[in-house]
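**Student:** Just so you know, we're using numbering that gives the first Met the number 0 here: the sequence shown kicks off at 0 and counts up by one.
Glycine is no exception: its CB is placed at the ideal position from the N, C-alpha and C atoms.
Handing you this structure, nothing more for now.
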Amino acid sequence: MPLSLEEISALREVPNDTVLETAIRMLRGRLAVTSSFGAESALLLSMVAEIDPSTPVLFLNTLRHFPETLRYRDELVAHLGLKDVHDVMPRSEMLAQRDPQDQLAAFDPDACCALRKTEPLFDTLSHYDAWVTGRKRGQAATRNDMEVVEPQPDGRARINPLSEWSRADIEQEIRRRNLPRHPLTGFGFASIGCAPCTRAVRPGEDPRAGRWAGHVKTECGIHLTPADRSTV
0 MPLSLEEISA
10 LREVPNDTVL
20 ETAIRMLRGR
30 LAVTSSFGAE
40 SALLLSMVAE
50 IDPSTPVLFL
60 NTLRHFPETL
70 RYRDELVAHL
80 GLKDVHDVMP
90 RSEMLAQRDP
100 QDQLAAFDPD
110 ACCALRKTEP
120 LFDTLSHYDA
130 WVTGRKRGQA
140 ATRNDMEVVE
150 PQPDGRARIN
160 PLSEWSRADI
170 EQEIRRRNLP
180 RHPLTGFGFA
190 SIGCAPCTRA
200 VRPGEDPRAG
210 RWAGHVKTEC
220 GIHLTPADRS
230 TV
C-alpha cells in the first residue's frame, strides 16, 4: 500500500543520519534494501545490519557479474550477519527469448539492462512500499540533485540515506568499521557492475566512468521511476 502523508513527513523530518533507522523500524515488513555488493556497498549494509539484520536485502544477480562480486557477496553477508538476502534474477524463459547467446550487452546495453536488471527488480519491488539504495550525489553528475527521501508517483518512496556522503566520508567510515573490501577495488574499479560493461577507472575520471564506457549510457535504469524510464 502507498505510504501515508504522515509516514512521508516523518521520514523527511528526521535528521539525515537517522533516516535509515527510522525507515527500517517504521516500515518493517514493507521495506527492502537494494544492494549491488559493489565497491562501496559494505557501508550501507553494515549500517542496516546494526539496526536489524533481518531487513530484506535484494541483490540483482544478472548472471553476468564478475566472479569476485559473487564471492564478495557471500563474504560480506557472513561478516555482517545479514539474515534475509535475496538474489533477484531474470527469468530463464525471458533470457532464452531475448538473449539466447548472452550477447545482448554487446550491441544493445539498454535492452540488456532492462532484461537482466530493471524488469526483475521492479517486479520484486512491487511487493514493498519503500526501498533503500546506496546512491550518492557525488557518484555522477546525473545524481547531483538527489534527495534523501524521494516519494514516487505511485505513493511509495525511495530512500537514499548516504546521498550527502562524500567519497572521503565513506572511505573513512569503511576504514573505521574495518569492513571487507570488494577485491576489484584494488585493481582500479571504482563502480562495479556486470563484467561485460565495466572497466577500471583511469586517474582523474568520474568514479562511474568505467560503466558502459564508450556509450552515452550512464544509468542501468533501476533507479528511474516508471515515468522516467518511458522517456529514455
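Going by other Cβ atoms of all chains shown within 10 Å of its Cβ, with 16 needed for buried, is P14 buried or exposed?
**Tutor:** Exposed, because fewer than 16 other Cβ atoms sit within 10 Å of the Cβ of P14.
**Student:** V84 and N60 - do their beta-carbons sit closer together than 8 Å?
**Tutor:** Contact flag unset, no.
**Student:** Taking 8 Å as the cut-off, decide whether the C-beta atoms of E67 and L183 are in contact.
**Tutor:** Yes, they are a contact pair.
**Student:** Excluding the five sequence neighbours on either side, which residues of its own chain have a C-beta within less than 8 Å of the C-beta of M46, listed in chain order?
**Tutor:** Cβ within range, chain order: L19 and P160.
**Student:** CB-CB under 8 Å to I169, same chain, minus the five flanking residues each way: which ones, in chain order?
**Tutor:** Cβ within range, chain order: E39, L42, K135 and L161.
**Student:** Helix, strand or coil for V18 per DSSP?
**Tutor:** Correct three-state label for V18: helix.
**Student:** Starting from E236, follow its DSSP beta bridges and name the residues at the other end.
**Tutor:** Nothing can be reported for residue 236: it is not among the residues displayed for the chain, which extend from 0 to 231.
**Student:** Could you check the C-alpha separation between T141 and S165 for me, to the nearest Å?
**Tutor:** Bear in mind that the predicted position of T141 carries a pLDDT of just 49, short of 50, making it too unreliable to give a figure here.
**Student:** With burial defined as no fewer than 16 other Cβ atoms inside 10 Å of the residue's Cβ, what is the status of F58: buried or exposed?
**Tutor:** Buried, by the Cβ-count rule.
**Student:** For P1, which of A194, H181 and P152 has the nearest alpha-carbon?
**Tutor:** Per the Cα distances, P152.
**Student:** Using CA coordinates, which residue listed in S190, P195 and C196 is at the minimum distance from E204?
**Tutor:** For E204, the nearest C-alpha among the options comes from S190.
**Student:** Mind listing, in chain order, the continuous beta strand (DSSP E) runs of no fewer than 3 residues lying wholly within the segment 78-124?
**Tutor:** Runs of the beta strand (DSSP E) inside the segment 78-124: 84-87.
**Student:** Report the rounded CA-to-CA distance for V56 versus P202, giving the unit in angstroms.
**Tutor:** So the two alpha carbons sit approximately 33 Å from each other.
**Student:** Rounded to whole angstroms, what's the CA-CA distance from A199 to I173? Just pull it up for me.
**Tutor:** About 21 Å.
**Student:** Taking 7 Å as the cut-off, is the CB of D128 close to at least one heavy atom of the ligand MG?
**Tutor:** Absence of the ligand MG from the depicted structure is noted, as is the absence of any ligand whatsoever, leaving it without description.
**Student:** Could you tell me the distance, in whole angstroms, from the CA atom of A31 to the CA atom of T17?
**Tutor:** If you take the alpha carbons of A31 and T17, they lie about 17 Å apart.
**Student:** Taking C-alpha atoms, which residue in T197, G185, N177 and G192 lies nearest to H78?
**Tutor:** Measuring from the Cα of H78, the nearest candidate turns out to be N177.
**Student:** Please confirm whether R11 and V148 have their CB atoms less than 8 Å apart.
**Tutor:** A contact, by the Cβ cut-off of 8 Å.
**Student:** Within a Cβ cutoff of 7 Å, which residues of the same chain sit near L75, ignoring the five residues on either side of it in sequence?
**Tutor:** The residues are F36, A41, L44 and P179.
**Student:** Anyone know if the C-beta pair for A194 and F106 falls short of 8 Å?
**Tutor:** No. Outside cutoff.
**Student:** Applying the criterion that 16 or more other CB atoms from any shown protein chain within 10 Å of the CB defines a buried residue, is V82 buried or exposed?
**Tutor:** Going by the sequence as given, residue 82 is Lys instead of Val. Counting Cβ neighbours within 10 Å, K82 comes out exposed, since fewer than 16 surround it.
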